[in-house]
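*Asks:*
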Amino acid sequence: MSRIRFFILLSVCVGGMAQTQAPANSATKLAFAIPNLFGPDGLTLPNPNHLAHFDSDFQNNFGPFNSAIGSQLTSLPLPSPAAGFTYSFDPALGVYTRSAQSYGPVLAERAETIGKEKFYAGFSFQHFRFGTLDGVDLRNFASVFKHTQTTPDPVIKQDLITTSTFVNTQLDQSTAFFTYGLTDRIDVSVALPLVNASLSVVSNATIQRIGTANDPTIHYFRDSNGNPTAQKQFSISGSASGLGDVLARVKGTVLKTKPAWLALGLDVRLPTGDAYNFLGSGALGLKPFIAISGRSNRITPHLNLGYQWNDSSPLAGDIFTGTKGHLPNQFEYAVGFDAGVSKRFSFAADVLGQEIFHAQGVAPSTFTAANGAQFADNNFIRETANIVNGSLGFKVNPISTLLVSFNVLVQMNDAGLRSRVVPLVGFSYSF
Amino acid sequence: MNAGRAEEQRKAAELSAARKGVDEALNRYRIAFENRDPEALKSIWPSLGRSELTAFQNFFKIARSIKLQLRPLGEAEIGAAGATVRARRTMAATDERGALPTQDQTVNIHLRRAGNSMVIESIDIAGK
Numbered sequence: 015m016s017r018i019r020f021f022i023l024l025s026v027c028v029g030g031m032a033q034t035q036a037p038a039n040s041a042t043k044l045a046f047a048i049p050n051l052f053g054p055d056g057l058t059l060p061n062p063n064h065l066a067h068f069d070s071d072f073q074n075n076f077g078p079f080n081s082a083i084g085s086q087l088t089s090l091p092l093p094s095p096a097a098g099f100t101y102s103f104d105p106a107l108g109v110y111t112r113s114a115q116s117y118g119p120v121l122a123e124r125a126e127t128i129g130k131e132k133f134y135a136g137f138s139f140q141h142f143r144f145g146t147l148d149g150v151d152l153r154n155f156a157s158v159f160k161h162t163q164t165t166p167d168p169v170i171k172q173d174l175i176t177t178s179t180f181v182n183t184q185l186d187q188s189t190a191f192f193t194y195g196l197t198d199r200i201d202v203s204v205a206l207p208l209v210n211a212s213l214s215v216v217s218n219a220t221i222q223r224i225g226t227a228n229d230p231t232i233h234y235f236r237d238s239n240g241n242p243t244a245q246k247q248f249s250i251s252g253s254a255s256g257l258g259d260v261l262a263r264v265k266g267t268v269l270k271t272k273p274a275w276l277a278l279g280l281d282v283r284l285p286t287g288d289a290y291n292f293l294g295s296g297a298l299g300l301k302p303f304i305a306i307s308g309r310s311n312r313i314t315p316h317l318n319l320g321y322q323w324n325d326s327s328p329l330a331g332d333i334f335t336g337t338k339g340h341l342p343n344q345f346e347y348a349v350g351f352d353a354g355v356s357k358r359f360s361f362a363a364d365v366l367g368q369e370i371f372h373a374q375g376v377a378p379s380t381f382t383a384a385n386g387a388q389f390a391d392n393n394f395i396r397e398t399a400n401i402v403n404g405s406l407g408f409k410v411n412p413i414s415t416l417l418v419s420f421n422v423l424v425q426m427n428d429a430g431l432r433s434r435v436v437p438l439v440g441f442s443y444s445f
Numbered sequence: 511m512n513a514g515r516a517e518e519q520r521k522a523a524e525l526s527a528a529r530k531g532v533d534e535a536l537n538r539y540r541i542a543f544e545n546r547d548p549e550a551l552k553s554i555w556p557s558l559g560r561s562e563l564t565a566f567q568n569f570f571k572i573a574r575s576i577k578l579q580l581r582p583l584g585e586a587e588i589g590a591a592g593a594t595v596r597a598r599r600t601m602a603a604t605d606e607r608g609a610l611p612t613q614d615q616t617v618n619i620h621l622r623r624a625g626n627s628m629v630i631e632s633i634d635i636a637g638k
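The listed protein sequences derive, respectively, from chains L and H. Counted the way this note's numbering counts, the first sequence spans residues 15 to 445. Counted the way this note's numbering counts, the second sequence spans residues 511 to 638.
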């Protein structure tokens, strides 16, 4: 009974946290870092003779990058809240039996439930370092800024500013998760992620004097001594910590056959994380899913299929006005197996995929200047991103019902905002 | 007359012995279960298959304690080959995580004669 009270209390607290987040529009928030990279007025040169403002997809349409982060935050792979130890009652024999001989997958979901009135708690830590966006290296993101001033002199407008930008986005996600067996067939779970997000952006800008090659006084930066220069480095960084998007899950085993069990579930992602600081997606999410687990003794194949519906988020809209835009929905799947290698050791391997519809992406391009010179550029586009990761992990049972988990998520293709390798370490205990 | 009475007395004695055999068999089953003793369980339930016995052994390994109650619901049906008892089976057990949910079922316990005693042939669920 005390476990039920604890779970209810936990749910009330989570609900309370979900209502306390208020959108904030502050330049100190991480979502404003890229728009403010070159100053509040964007990339505007100190030239006194004309308004030398330059624009690019990168800064003018910085929104796609925020949206890409928002999309990624809706789909950060959380460790499975399914218990490693699962039991079911065999009424014919009158005994409890282990439902599966393996401790289950690490990032995928299993069809087995934890068992009536059972309680399971765990903790995991994951580190994400987003290095590429659609395969484009974020350590060297090329952009071409075009002159936007409608100056009467078309030669002046031929000048460009090229930038090479290093965008370092990292997330540390520590997740506490709890599962309670309402009945032998129905589990409820909650995952509470604590996120530390950090963003640092360094951009090296170079004035390409295409039309004003003979006159360096038309377009120039000023260095720290106030002297005119054709190159300048801009940088901005920040970090934030706090509660991420809380996930609540209900899962029920609806079919038990000899070869396989089938469970239906629903994930509800609450926008409890501060989206402006990349701690959360800023959008409510609903994900109905199916989990199928095979019933062999040592090797248990499993398949998960789910559809993630997302509400609107400021990260997909205009962060300055607070206007929300729809975060892309996505189809998700996981296929793999877990295997009980020995009594105290099990192994899990999965392919995890996401098909993000109408996602923000980037396409490398080449900009040809008026004089025929070519510069690397990147254009933001809408696309269906097919993200595929491999997951390899194992669980060890050193004592009692304690399980220690290790896992690596390995990038298998280029689509989307990606980390090459995401390590996970965690532990859990079944009460 | 005497022969008829003697026959009745013999049948009554057999019935009484059979009922005693049923009670003893149920008691042996209960004790084997509570003591988590697979050998004693196999002895009173010799028809247990290998996989079934393994299921009991695995349960006995995870169980810290087991309390089993068998309450017959009416008289046992005694036949020439054995007996059938309809009983309420209530099991309260704990494992290393604490108390497991109490299980309560009505079962039909089928017994067969084995010499002068009874052993369990099978148990099936009769409903709640």
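Where a beta carbon is used, it is the ideal one built from N, C-alpha and C, also for glycine. Note that the structure is a prediction, hence the values are computed from the model and not measured.
#1: Does the contact criterion of 3 or more C-beta pairs under 8 Å hold for the region 608-624 of chain H versus the region 559-568 of chain H?
#2: Measure from the C-beta of L610(H) to each C-beta in chain L and report whether the shortest distance is under 7 Å.
#3: Tell me the DSSP bridge mates of G354(L)?
#4: Tell whether a beta-carbon distance below 7 Å holds between L44(L) and G339(L).
#5: Which residue spans inside the region 243-282 of chain L form an unbroken alpha helix (DSSP H) run of at least 4?
#6: Could you compute how far the alpha carbon of S326(L) sits from the alpha carbon of Y290(L)?
#7: Could you spell out the range, first to last residue, of the alpha helix (DSSP H) harbouring K552(H)?
#8: Compare the Cα-Cα distances from A535(H) to each of Q567(H), W555(H) and N545(H) and report the closest residue.
#9: Run the CB neighbour count on S40(L), radius 10 Å, all protein chains shown included, and call it buried at 16 or more, exposed below.
#10: What is the residue span of the beta strand (DSSP E) that Y443(L) lies within?
#11: Counting along the chain, where does the beta strand (DSSP E) carrying R396(L) start and finish?
#12: Quick one: list the residues of chain A neighbouring N537(H), beta-carbon separation under 7 Å, in chain order.
#13: So, under 8 Å CB-CB, F144(L) and L152(L) are touching, yes? Tell me the CB distance rounded to an integer number of Å.
#14: With distances taken between CB atoms, is the gap from I128(L) to T193(L) smaller than 7 Å?
#15: Using a beta-carbon distance below 7 Å, is Q579(H) in contact with chain L?
#16: Does the beta-carbon of S357(L) have 16 or more other beta-carbons within 10 angstroms, so that it is buried, or is it exposed?
#17: In angstroms with no decimal places, state the Cα-to-Cα distance between K272(L) and D259(L).
#18: For K577(H), which of helix, strand or coil comes out of DSSP?
#19: Run through DSSP, which three-state label would P37(L) get?
#20: Taking CB distances under 7 Å as the criterion, tell me whether L196(L) reaches chain H.
#21: Tell me whether K530(H) is buried or exposed, calling it buried when 16 or more other Cβ atoms sit within 10 Å of its Cβ.
#22: Would P43(L) count as contacting chain H if we go by Cβ distances under 7 Å?
#23: What residue from V424(L), S442(L), L438(L) and L406(L) has the CA that sits closest to I413(L)'s CA?
#24: Quick one: what's got a C-beta closer than 6 Å to I395(L)'s C-beta in the same chain, skipping five residues either side?
#25: Report buried or exposed for R515(H), applying the criterion of at least 16 other Cβ atoms within 10 angstroms of its Cβ.
#26: Which chain H residues are close to K130(L), counting only those with a beta carbon under 8 Å from its beta carbon?
#27: Going by other Cβ atoms of all chains shown within 10 Å of its Cβ, with 16 needed for buried, is G350(L) buried or exposed?
#28: Counting only runs that start and end within the region 216-244 of chain L, where is the alpha helix (DSSP H) found for 4 or more residues in a row?
#29: Tell me whether K638(H) sits in a helix, a strand or coil according to DSSP, three-state version.
#30: Please work out which residues of its chain come closer than 6 Å, Cβ to Cβ, to Q579(H), disregarding the five sequence neighbours upstream and downstream, and give them in chain order.
#31: Nearest by alpha-carbon distance to N545(H): which of V617(H), V629(H), R574(H) and T594(H) is it?
#32: If you draw a straight line from the alpha carbon of F20(L) to that of F345(L), how long is it in whole angstroms?
#33: List in chain order: all unbroken alpha helix (DSSP H) runs of 4+ residues lying wholly within the region 148-173 of chain L.
#34: Mapping the DSSP letters down to three states, classify F570(H) as helix, strand or coil.
#35: Tell me the DSSP bridge mates of K301(L)?
#36: Give the DSSP-derived three-state secondary structure of V532(H) in the structure shown.
*Replies:* Let's see:
#1: no
#2: yes
#3: S360(L)
#4: no
#5: none
#6: 14 Å
#7: P548 to I554
#8: W555(H)
#9: For S40(L), the predicted model reports a pLDDT of 49, less than 50, meaning its position is unreliable; a value from the coordinates is still stated below. Exposed, by the Cβ-count rule.
#10: V435 to S444
#11: Q388 to I413
#12: Here the protein chains are L and H, and chain A is not one of them.
#13: 7 Å
#14: yes
#15: no
#16: Ser is not the amino acid found at residue 357(L); the sequence shown has Lys there. So K357(L) ends up on the exposed side.
#17: 37 Å
#18: strand
#19: Note on P37(L): pLDDT 41, under 50, position unreliable in the model; no value is reported.
#20: no
#21: exposed
#22: This sequence places Lys at residue 43(L); Pro is not what is there. Closer than 7 Å: no.
#23: S442(L)
#24: G375 and A377
#25: exposed
#26: P611
#27: buried
#28: none
#29: Residue confidence for K638(H) is low, a pLDDT of 49 falling below 50, so the modelled location carries little weight; the figure read from the coordinates is stated next. DSSP places K638(H) in coil when its eight states are reduced to three.
#30: T600
#31: R574(H)
#32: Only weak support is given to the placement of F20(L): the predicted model assigns it a pLDDT of 48, under 50, and the value that follows is read from those uncertain coordinates. Taking the straight line joining both Cα atoms gives about 34 Å.
#33: 168-171
#34: helix
#35: D281(L)
#36: helix
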